[in-house]
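Following the working numbering, the residues of the sequence shown are numbered contiguously, the last one being 261. Yeah, the Cβ is synthetic: ideal placement off N, Cα and C, and Gly gets one too. Report on the structure given below.
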Amino acid sequence: MAVSFHSRSNSYPSRQHPQAAHVDEQLTRLRSSETASSSSSICQRLSNLQDLHESLEKMICLTVTNQALSQDQIEKLLGGSIKILDLCNIAKDSLSQTKESLKEIQSIVRRKRGDLSTEVKKYITSRKFLKKSFQKVLKNLNKNNKEESLAVFGEAEAVTVALFESLFSFMSGSKACGKWSVVSKLVSQSKVTCEAEVNEFTRVDHEFLQSGKSLKMEDVQNLESCIQDLEDGIASLSKSMIKYRVSILNI
11 MAVSFHSRSN
21 SYPSRQHPQA
31 AHVDEQLTRL
41 RSSETASSSS
51 SICQRLSNLQ
61 DLHESLEKMI
71 CLTVTNQALS
81 QDQIEKLLGG
91 SIKILDLCNI
101 AKDSLSQTKE
111 SLKEIQSIVR
121 RKRGDLSTEV
131 KKYITSRKFL
141 KKSFQKVLKN
151 LNKNNKEESL
161 AVFGEAEAVT
171 VALFESLFSF
181 MSGSKACGKW
191 SVVSKLVSQS
201 KVTCEAEVNE
211 FTRVDHEFLQ
221 SGKSLKMEDV
231 QNLESCIQDL
241 EDGIASLSKS
251 MIKYRVSILN
261 I
């Protein structure tokens with residue numbers, strides 16, 4: 011992938027420039043991991059995206075890069091950074107909401123006091139609402155992602171958006187496995203396949219859909235740990251995005 015612009019300057023760093031070459035390597039690594047969708051792989055991609063935007067921030071600070079960017083291109087970069095920060099906020103709010111619900115349920119189970127069924131119903135209602143919200147976000151992402159990208163910076167935006175598509179799908183859970191259909195329960199082979207695809211969110215969703223009767227605190231704790239890891243990754247990415255945006259504004 012060539013690092014280039016319709017620039018006003020011939021001094022823009024070429025693909026051989028060390029910083030540009032480093033960014034290309036990071037983008038290639040991120041592209042190769044797009045199909046992975048486990049919690050650990052998503053957290054790793056968040057970390058890689060943080061590194062990528064730190065590299066882009068350094069590239070933005072190069073004098074030759076400043077000279078190569080037109081006002082229109084700068085506006086596009088600013089718009090892209092706002093979109094990604096909005097996605098970070100949506101993800102953070104959703105994770106925080108789910109985590110608070112889990113803490114309340116854990117508290118009831120530990121104290122053996124309170125109405126567990128009511129809290130489980132609240133959790134299920136909240137999850138349904140979040141899933142619908144994610145569907146709207148994903149629909150808008152697919153629509154907006156058809157826009158022409160802006161060289162290396164546009165490519166970085168594309169892989170970042172792809173990460174959030176994976177994240178929101180991961181948090182929504184597999185539709186087929188989330189329902190745990192009668193067919194899957196009767197046919198052992200199908201059930202084994204389905205269980206292999208279940209992630210931390212869908213596993214707890216399934217247990218709560220059984221009115222909490224099959225609730226395993228270990229699964230709840232695993233989900234809580236998963237949420238914490240995702241929150242940490244998104245927080246770090248947000249900080250990098252803010253620095254990246256400030257550097258663009260300083261041009």
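Q. Terminal residues of the continuous alpha helix (DSSP H) containing V171?
A. One-based indexing of the sequence shown puts residue 171 at position 161. Segment A161 to S182, the alpha helix (DSSP H) holding V171.
Q) With burial defined as no fewer than 16 other Cβ atoms inside 10 Å of the residue's Cβ, what is the status of D215: buried or exposed? A) Your numbering for residue 215 matches position 205 in the sequence shown. Looking at its Cβ environment, which holds 16 or more other Cβ atoms inside 10 Å, D215 is buried.
(Q) Buried or exposed, going by whether 16 or more other CB atoms sit within 10 Å of the CB of K149? (A) In the sequence shown, residue 149 corresponds to position 139, counting from 1. Exposed: under 16 other Cβ atoms inside 10 Å.
Q | Separation of K138 from Q60, as counted between CA atoms | A | Here residue 60 is taken as the residue at index 50 of the sequence shown, counted from 1. Here residue 138 is taken as the residue at index 128 of the sequence shown, counted from 1. Spanning the two alpha carbons is a distance of roughly 30 Å.
Q.
Please report the distance separating the alpha-carbon of S136 from that of T108.
A. Numbered from its first residue, the sequence shown carries residue 136 at position 126. Numbered from its first residue, the sequence shown carries residue 108 at position 98. S136 and T108: Cα-Cα distance of roughly 8 Å.
**Q.** Residue environment, E69, which counts as buried when at least 16 other CB atoms sit within 10 Å
**A.** For the purposes of this step, residue 69 is taken as the residue at position 59 of the sequence shown. First, the amino acid is wrong: residue 69 is Met here, not Glu. Looking at its Cβ environment, which holds 16 or more other Cβ atoms inside 10 Å, M69 is buried.
Q | Beta-carbon proximity check, R55 vs S42, cutoff 8 Å | A | Position 45 of the sequence shown, counted from the start, is the residue given in the question as residue 55. Position 32 of the sequence shown, counted from the start, is the residue given in the question as residue 42. In this structure, S42 does not lie closer than 8 Å to R55 by Cβ.
Q) In terms of alpha-carbon separation, which member of S65, A31 and E85 lies closest to N260? A) Counted from its first residue, the sequence shown places residue 260 at position 250. Selected option, being the one with the closest Cα: E85.
(Q) For the structure I just gave you, are there three or more beta carbon pairs, one from the segment 124-135 and one from the segment 163-177, closer than 8 Å? (A) no
Q: Grab me the residues of M251's own chain with a C-beta within less than 8 Å of its C-beta, minus the 5 sequence neighbours each way, in chain order.
A: Working through the sequence shown from its first residue, we reach residue 251 at position 241. If we look at M251 and ignore the five residues flanking it on each side, its Cβ neighbours are H63, S91, I94, L95 and C98.
Q) Which word fits A101, buried or exposed, when buried means at least 16 other C-beta atoms lie within 10 angstroms of its C-beta? A) Start at 1 with the first residue of the sequence shown, and residue 101 comes out as number 91. A101 is buried by the Cβ-count criterion.
Q) Thinking C-beta only, is E217 closer than 8 Å to D229? A) In the sequence shown, the residue the question calls residue 229 occupies position 219. In the sequence shown, the residue the question calls residue 217 occupies position 207. Yes.
Q | Under 8 Å between C-beta atoms of Y133 and S117 | A | As a position in the sequence shown, residue 133 is number 123, starting the count at 1. As a position in the sequence shown, residue 117 is number 107, starting the count at 1. No, Cβ-Cβ distance for Y133 and S117 is not below 8 Å.
Q: Measure the alpha-carbon distance for N58 versus S143 and round it to whole angstroms.
A: In the sequence shown, residue 58 corresponds to position 48, counting from 1. In the sequence shown, residue 143 corresponds to position 133, counting from 1. Between N58 and S143, the C-alpha separation is close to 26 Å.
Q: Report yes if the C-beta of E241 is less than 7 Å from at least one heavy atom of the ligand ADP; otherwise report no.
A: Among the components modelled here there is no ligand, and therefore nothing to report on the ligand ADP.
Q) Roughly how many angstroms lie between the CA atoms of A30 and Q220, to the nearest whole one? A) Here the question's residue 30 lines up with position 20 in the sequence shown. Here the question's residue 220 lines up with position 210 in the sequence shown. Their backbone Cα atoms lie some 53 Å apart in a straight line.
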